[in-house]
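Chemist: Got a structure here, written out as structure tokens. Questions coming.
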Amino acid sequence: MKSFQPIFTVIFLMFTILIPKIDFAQENPDSSKLTIDKIFQSGEFYGEFFRQPRWIDDGKAYTAIEPSEAIVGARDIVSFVTKNGERSILVSAAQLIPENETEPLEISNYEWSSNKEMLLLFTNTKRVWRYNTKGDYWILNLKTNSLKRLGKGLPASSLMFAKFSPDDTRVAYVSQHNLYLEDLSGGQITQLTFDGTEDMINGTFDWAYEEEFFCRDGFSWSPDGRMIAYWQIDASGIKDFLMINNTDSLYSFTIPVEYPKVGEDPSSARIGVVPAAGGETMWMKIDGDPKQHYLVRMLWSEDSEGLLVQQLNRKQNTNKVWYCKPASGLAMNVFTDTDKAWVDIVEDWMWVDDHHFTWLSEKDGWRHLYLISKTGDEELLITRGNYDVVSIAEIDPNSKYAYFIASPGKPTQRYLYSVRMDGKSEAERITPEKQSGTHEYNVSPGGKYAFHTWSDINTPPVTELVSLPKHKTLRTLVDNENLKQTMTNLNLLPIGFFQVSTVDDVTMEGFMIKPPGFDPAKKYPVLFYVYGEPWGQTATDEWGAASLWHKMMAQEGYLVISMDNRGTPAPKGREWRKSIYRKIGIINSRDQAMAAREIMKWDFVDPDRTAVWGWSGGGSMTLNLMFRYPEIYETGMAVAPVSNQFFYDNIYQERYMGLKNENPEDFLEGSPVSYAKNLEGNLLVMHGTGDDNVHYQNTEVLINELIKQNKIFQVMPYPNRSHGIYEGENTSRHVFTMLRHYLMQHMEPGGK
Numbered sequence: 001m002k003s004f005q006p007i008f009t010v011i012f013l014m015f016t017i018l019i020p021k022i023d024f025a026q027e028n029p030d031s032s033k034l035t036i037d038k039i040f041q042s043g044e045f046y047g048e049f050f051r052q053p054r055w056i057d058d059g060k061a062y063t064a065i066e067p068s069e070a071i072v073g074a075r076d077i078v079s080f081v082t083k084n085g086e087r088s089i090l091v092s093a094a095q096l097i098p099e100n101e102t103e104p105l106e107i108s109n110y111e112w113s114s115n116k117e118m119l120l121l122f123t124n125t126k127r128v129w130r131y132n133t134k135g136d137y138w139i140l141n142l143k144t145n146s147l148k149r150l151g152k153g154l155p156a157s158s159l160m161f162a163k164f165s166p167d168d169t170r171v172a173y174v175s176q177h178n179l180y181l182e183d184l185s186g187g188q189i190t191q192l193t194f195d196g197t198e199d200m201i202n203g204t205f206d207w208a209y210e211e212e213f214f215c216r217d218g219f220s221w222s223p224d225g226r227m228i229a230y231w232q233i234d235a236s237g238i239k240d241f242l243m244i245n246n247t248d249s250l251y252s253f254t255i256p257v258e259y260p261k262v263g264e265d266p267s268s269a270r271i272g273v274v275p276a277a278g279g280e281t282m283w284m285k286i287d288g289d290p291k292q293h294y295l296v297r298m299l300w301s302e303d304s305e306g307l308l309v310q311q312l313n314r315k316q317n318t319n320k321v322w323y324c325k326p327a328s329g330l331a332m333n334v335f336t337d338t339d340k341a342w343v344d345i346v347e348d349w350m351w352v353d354d355h356h357f358t359w360l361s362e363k364d365g366w367r368h369l370y371l372i373s374k375t376g377d378e379e380l381l382i383t384r385g386n387y388d389v390v391s392i393a394e395i396d397p398n399s400k401y402a403y404f405i406a407s408p409g410k411p412t413q414r415y416l417y418s419v420r421m422d423g424k425s426e427a428e429r430i431t432p433e434k435q436s437g438t439h440e441y442n443v444s445p446g447g448k449y450a451f452h453t454w455s456d457i458n459t460p461p462v463t464e465l466v467s468l469p470k471h472k473t474l475r476t477l478v479d480n481e482n483l484k485q486t487m488t489n490l491n492l493l494p495i496g497f498f499q500v501s502t503v504d505d506v507t508m509e510g511f512m513i514k515p516p517g518f519d520p521a522k523k524y525p526v527l528f529y530v531y532g533e534p535w536g537q538t539a540t541d542e543w544g545a546a547s548l549w550h551k552m553m554a555q556e557g558y559l560v561i562s563m564d565n566r567g568t569p570a571p572k573g574r575e576w577r578k579s580i581y582r583k584i585g586i587i588n589s590r591d592q593a594m595a596a597r598e599i600m601k602w603d604f605v606d607p608d609r610t611a612v613w614g615w616s617g618g619g620s621m622t623l624n625l626m627f628r629y630p631e632i633y634e635t636g637m638a639v640a641p642v643s644n645q646f647f648y649d650n651i652y653q654e655r656y657m658g659l660k661n662e663n664p665e666d667f668l669e670g671s672p673v674s675y676a677k678n679l680e681g682n683l684l685v686m687h688g689t690g691d692d693n694v695h696y697q698n699t700e701v702l703i704n705e706l707i708k709q710n711k712i713f714q715v716m717p718y719p720n721r722s723h724g725i726y727e728g729e730n731t732s733r734h735v736f737t738m739l740r741h742y743l744m745q746h747m748e749p750g751g752k
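Laid out in structure tokens, this is it:
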């Protein structure tokens, strides 16, 4: 692979030489105007947040992290009495200074023992694919004020997912794909598994499980502390995708990533239970070919006699729940959920008594809460009506109430509701009616209190402590007043929401940012921001949905619009979400294009100045829109796009598109590269060459096809950057500088 520096130099010269009338300078004395430098270098737009709260004493108190009162730059862990806010320092930064060291440990994460006499501290972390999930763990004994590092003899920063045993006498963790247990009184370490290698993974997961199922922590203590259940992933059959590094040494070298592409078999997976004292693992005897299924979640019963396991088939349209006996490994299929398209993993499941667990299903057309018996002979619908349960906030078995997030009739927003667990009552809204926007809740055990965070697209987050069910504010924890004032000082119009209906009778929600001094008598260019796949919404009424960069582009003179098409996970019912099955790239791009056509009819929109951009799935959408609807979009900017659906991982793409051997034509029809011959407008493609998620291969294959079709386009590769294109000095700033410059070069801003 050749150096990319000449390409960047040519592009930069084109910007500065060919377009002298456009001022690209970022130094601007106007304090009311956003600039790239302000966004990425000033720090003035950083918000406050409530740092890692933990409920303790069954919700009667909580802890949080605050700046140290004694050591500059360090942090203390403080506790508060929930009812009255009485504050005390539980752990000072000085207590976190190891012997023979001068600086306290950095708190990346922490966990309390059940009696709060010990603190398990995660620090010195390192990244594993997306997140920093390995590092060092330390135990602070508050009774003896002693600080001890766990995992003596194991490599530094190699421990993962350490957690206390139920009786607080031991800690289990993963290191180098094996499970270990450490006794806290004597320090004895017991190795529980011995076959861990790069390919044989115990207690955690491979790339695909982590990326697509959010599987990272792969083991769990039994409630009685006698056993540990864990996943074993055998990735030995997964082929390596080789990324090449040309810049970090004299000779290039490859970086292998175990990556199962569409049509390739996934890793085999099984779940076993090992005695905490050490010994042989009992493997759960779950039916099915281990290479043609996914084991995605597990849950111990409170009596430690059983283990619930969710098993997805290869097509991911059937989720079987197995009740497994750890003593014998025997497994009984107690519940099965199916869908003609796909079924989602159920995150919000828990035991509510010895015999029943909760479940979320779309079987009646809406995502609702159910109560299922462990024998499978009882099923009770808890929530009823034409609305979706977005997520469960808390279920209190004592009061027999469930708190959940929903937004009936307002898919851009989120609110808290409660319902009795008898299946006979109607849900009641807990969030005050006057508070629109998006609401998040961290509910205390027992459901008496909650940390409540509220924002809307124009208002930075406010976090407060509320009592439930009356939603009475006890005190404000974070108000973000400084950020609010900073935003007030900017020359910005309030962002508004709208609905648009297409010729296909599809109604889509969207937001629009208008330029300052907007004149409805003039016609403005439009920049569409797109995503459009089942992984996320863009048009949500919450802070951050409209980025500072988008607001800056509105100040430059563009209408900035984002809309959610069919197939996005809006709470609008099963049919909305799953109509995209086997039609990614087809139905979602049509919805966006047809909505754009309607918007182009608006009096203040210039139909001859229309641009689109997106990242990842949004990059794919941008390509599809530019190639399938060249008459609509003048300019497109695609970042890290999937150009060929066969190149993406099997878990994600097969979930939404089916199996390669059954319907390959759908994958080809939905792939942007199949329509590259239709490009007419201006196209910029940006991609990190070290992208382990959407491989740079996608962009090179697209380049070849565009060359074959004699199309003119531009490419900006970022050497060795991952999917987020942020590694390396100045990278993020450069990405958005590039996007701004390209748009202004090819589509004149301002009303006419």
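Position 25 of the sequence shown, counted from 1, bears residue number 25 in our numbering, the numbering being contiguous throughout.
Where a beta carbon is used, it is the ideal one built from N, C-alpha and C, also for glycine.
#1: Whole-angstrom Cβ separation of proline 223 and proline 275, contact assumed at under 8 Å?
#2: List, from N- to C-terminal side, the beta strand (DSSP E) runs of 3 residues or more that fit wholly inside the segment 348-420.
#3: Expressed to the nearest angstrom, what Euclidean distance is found between the alpha-carbon atoms of phenylalanine 40 and tryptophan 543?
#4: Can you tell me the Cβ-Cβ gap for serine 671 and glutamine 645, rounded? I've got them flagged as a contact below 8 Å.
#5: Quick check on this structure: which residue in Ser361, Trp342, Lys340 has the alpha carbon closest to the alpha carbon of tryptophan 349?
#6: So for glycine 600, helix, strand or coil by DSSP?
#7: Do the segment 379-398 and the segment 324-331 meet, that is, are 3 or more Cβ pairs less than 8 Å apart?
#8: Rounding to the nearest angstrom, what Cα-Cα distance links glycine 59 and lysine 448 in this structure?
#9: List the whole-angstrom C-beta distance separating methionine 657 from arginine 582, where the pair is believed to meet the contact cut-off of C-beta under 8 Å.
#10: Compute the distance between the beta-carbons of asparagine 565 and methionine 508, then report whether it is under 9 Å.
#11: Check whether the segment 161-180 and the segment 191-202 are in contact - that is, three or more C-beta pairs closer than 8 Å.
#12: Am I right that alanine 554 and glycine 510 are in contact with their C-beta atoms under 8 Å? What's the rounded C-beta distance?
#13: Grab the span of the beta strand (DSSP E) containing methionine 298 for me, first residue to last.
#14: Below 8 Å on the Cβ atoms is my guess for serine 56 versus lysine 116; work out the distance and round it to an integer in Å.
#15: Among Lys148, Tyr173, Phe164, whose alpha-carbon lies nearest the alpha-carbon of serine 158?
#16: For glutamate 27, count neighbouring C-beta atoms within 10 Å of its own C-beta (all shown protein chains included) and say buried if the count is 16 or more, exposed if not.
#17: Per DSSP, what kind of secondary structure is valine 91 in: helix, strand or coil?
#18: Leaving out the 5 sequence neighbours to the left and right, which residues in its chain are closer than 6 Å to threonine 453 when beta-carbon positions are compared?
#19: Using 9 Å as the threshold, is the C-beta distance between alanine 208 and asparagine 661 below it?
#20: What beta strand (DSSP E) runs, 3 residues minimum, are completely inside the segment 205-272?
#21: By a C-beta neighbour count over all protein chains shown, 10 Å radius and 16 as the cutoff for buried, is glutamate 729 buried or exposed?
#22: Do you know offhand how far serine 108's Cα is from serine 418's?
#23: For histidine 746, is the classification buried or exposed, using 16 other Cβ atoms within 10 angstroms of its Cβ as the cut-off for buried?
#24: Could you compute how far the alpha carbon of glutamate 428 sits from the alpha carbon of leucine 381?
#25: Where are the alpha helix (DSSP H) runs, 4 residues long or more, that stay fully inside the segment 609-661, in chain order?
#26: If you draw a straight line from the alpha carbon of isoleucine 599 to that of leucine 308, how long is it in whole angstroms?
#27: Does threonine 635 pass the burial test, meaning 16 or more other C-beta atoms within 10 Å, or should it be called exposed?
#28: On the criterion of 16 or more Cβ atoms from any shown chain inside 10 Å, does glutamate 101 qualify as buried, or is it exposed?
#29: Specify the secondary structure class of arginine 740 as computed by DSSP and reduced to three states.
#30: May I ask you to verify whether the segment 253-269 touches the segment 223-234, counting CB pairs closer than 8 Å and requiring at least 3?
#31: What's the C-alpha gap between lysine 239 and proline 569?
#32: Rounded to the nearest angstrom, what separates isoleucine 392 and phenylalanine 253 at their Cα positions?
#33: From the DSSP output, in three-state form, read off tyrosine 675 for me.
#34: Do glutamate 727 and arginine 721 have their beta-carbon atoms positioned less than 9 Å apart in this structure?
#35: Give the straight-line distance between the Cα atoms of proline 290 and proline 260, rounded to the nearest whole angstrom.
#36: Quick one: using the 10 Å Cβ neighbour count with 16 as the cut-off for buried, is threonine 383 buried or exposed?
Modeler: The structure says:
#1: Taking the sequence shown and counting its residues from 1, one reaches residue 223 at position 223. Taking the sequence shown and counting its residues from 1, one reaches residue 275 at position 275. Not a contact, Cβ separation roughly 15 Å.
#2: Fully contained in the segment 348-420 are the following beta strand (DSSP E) runs of length 3 or more, in chain order: 356-361, 368-373, 379-381, 389-396, 401-406, 415-420.
#3: Locating residue 40 in the sequence shown gives position 40, where the first residue counts as 1. Locating residue 543 in the sequence shown gives position 543, where the first residue counts as 1. Using only the alpha carbons, I get a separation of about 18 Å.
#4: Against the sequence shown, residue 671 aligns to sequence position 671. Against the sequence shown, residue 645 aligns to sequence position 645. At roughly 5 Å, the Cβ-Cβ gap stays under 8 Å, so serine 671 and glutamine 645 are in contact.
#5: Your numbering for residue 349 matches position 349 in the sequence shown. Cα-wise, what sits closest to tryptophan 349 is Ser361.
#6: Reading the sequence shown from its first residue, position 600 is the one you call residue 600. First, the residue type needs correcting, since residue 600 is methionine and not glycine in the sequence shown. If DSSP states are grouped into helix, strand and coil, methionine 600 belongs with coil.
#7: Judged by Cβ distances under 8 Å, the segment 379-398 makes no contact with the segment 324-331, as fewer than three pairs qualify.
#8: Reading the sequence shown from its first residue, position 59 is the one you call residue 59. Reading the sequence shown from its first residue, position 448 is the one you call residue 448. Here the alpha carbon of glycine 59 sits roughly 8 Å from the alpha carbon of lysine 448.
#9: Taking the first residue of the sequence shown as position 1, residue 657 is located at position 657. Taking the first residue of the sequence shown as position 1, residue 582 is located at position 582. Indeed, because the Cβ distance is near 6 Å, the residues count as touching under 8 Å.
#10: Residue numbering aside, residue 565 sits at position 565 when the sequence shown is read from its first letter. Residue numbering aside, residue 508 sits at position 508 when the sequence shown is read from its first letter. For asparagine 565 and methionine 508, yes; Cβs fall inside 9 Å.
#11: Touching, yes.
#12: Locating residue 554 in the sequence shown gives position 554, where the first residue counts as 1. Locating residue 510 in the sequence shown gives position 510, where the first residue counts as 1. Contact check for alanine 554 and glycine 510: beta-carbon distance about 14 Å, past the 8 Å limit, so the pair fails to qualify.
#13: In the sequence shown, counting from the first residue as 1, residue 298 sits at position 298. Taken as a continuous stretch (DSSP letters only), the beta strand (DSSP E) holding methionine 298 covers 293-300.
#14: Here residue 56 is taken as the residue at index 56 of the sequence shown, counted from 1. Here residue 116 is taken as the residue at index 116 of the sequence shown, counted from 1. Rather than serine, the amino acid found at residue 56 in this sequence is isoleucine. With a Cβ gap of about 6 Å, isoleucine 56 and lysine 116 count as contacting.
#15: Taking the first residue of the sequence shown as 1, we reach residue 158 at position 158. Just measuring C-alpha positions, the residue of Lys148, Tyr173, Phe164 sitting nearest serine 158 is Tyr173.
#16: Numbered from its first residue, the sequence shown carries residue 27 at position 27. For glutamate 27, the pLDDT reaches just 48, beneath the cut-off of 50, and the residue's location in the model is therefore unreliable, although a value from the coordinates is still provided. By the 10 Å Cβ count, glutamate 27 comes out exposed.
#17: The count along the sequence shown starts at 1 and reaches residue 91 at position 91. Residue state, collapsed to three classes: strand.
#18: Position 453 of the sequence shown, counted from the first residue, corresponds to residue 453. Cβ neighbours of threonine 453 within its own chain (closer than 6 Å, five residues either side excluded): Glu440, Pro461, Thr463.
#19: As a position in the sequence shown, residue 208 is number 208, starting the count at 1. As a position in the sequence shown, residue 661 is number 661, starting the count at 1. Contact: no.
#20: Qualifying beta strand (DSSP E) stretches, in chain order: 219-221, 227-234, 240-245, 253-258.
#21: For the purposes of this step, residue 729 is taken as the residue at position 729 of the sequence shown. Exposed, by the Cβ-count rule.
#22: Counted from its first residue, the sequence shown places residue 108 at position 108. Counted from its first residue, the sequence shown places residue 418 at position 418. Distance between the alpha carbons of serine 108 and serine 418: 33 Å.
#23: Taking the first residue of the sequence shown as position 1, residue 746 is located at position 746. Buried is the call here.
#24: The residue labelled residue 428 in the question sits at position 428 within the sequence shown. The residue labelled residue 381 in the question sits at position 381 within the sequence shown. In this structure, the straight-line span from the alpha carbon of glutamate 428 to that of leucine 381 is close to 16 Å.
#25: Taken in chain order, the unbroken stretches of alpha helix (DSSP H) that lie wholly in the segment 609-661 and span 4 residues or more are 617-628, 650-657.
#26: Working through the sequence shown from its first residue, we reach residue 599 at position 599. Working through the sequence shown from its first residue, we reach residue 308 at position 308. Their backbone Cα atoms lie some 49 Å apart in a straight line.
#27: The residue given as residue 635 occupies position 635 in the sequence shown. Result: buried.
#28: Here residue 101 refers to the residue found at position 101 of the sequence shown. The residue is exposed, with fewer than 16 neighbouring Cβ atoms inside 10 Å.
#29: Looking up residue 740 in the sequence shown gives position 740. It is helical.
#30: The segment 253-269 makes contact with the segment 223-234: 3 or more CB pairs, one atom from each, lie closer than 8 Å.
#31: Numbered from its first residue, the sequence shown carries residue 239 at position 239. Numbered from its first residue, the sequence shown carries residue 569 at position 569. So the two alpha carbons sit approximately 32 Å from each other.
#32: Within the sequence shown, the letter at position 392 stands for residue 392. Within the sequence shown, the letter at position 253 stands for residue 253. Approximately 47 Å between the Cα atoms of the pair.
#33: The residue labelled residue 675 in the question sits at position 675 within the sequence shown. Helix, per DSSP.
#34: By one-based count along the sequence shown, residue 721 stands at place 721. By one-based count along the sequence shown, residue 727 stands at place 727. Yes, they are a contact pair.
#35: Counting from 1 along the sequence shown, the entry for residue 290 is found at position 290. Counting from 1 along the sequence shown, the entry for residue 260 is found at position 260. Roughly 15 Å between the two C-alpha positions.
#36: To locate residue 383, count along the sequence shown from 1; it is residue 383. Around the CB of threonine 383, 16 or more other CB atoms lie within 10 Å, so the residue is classed as buried.
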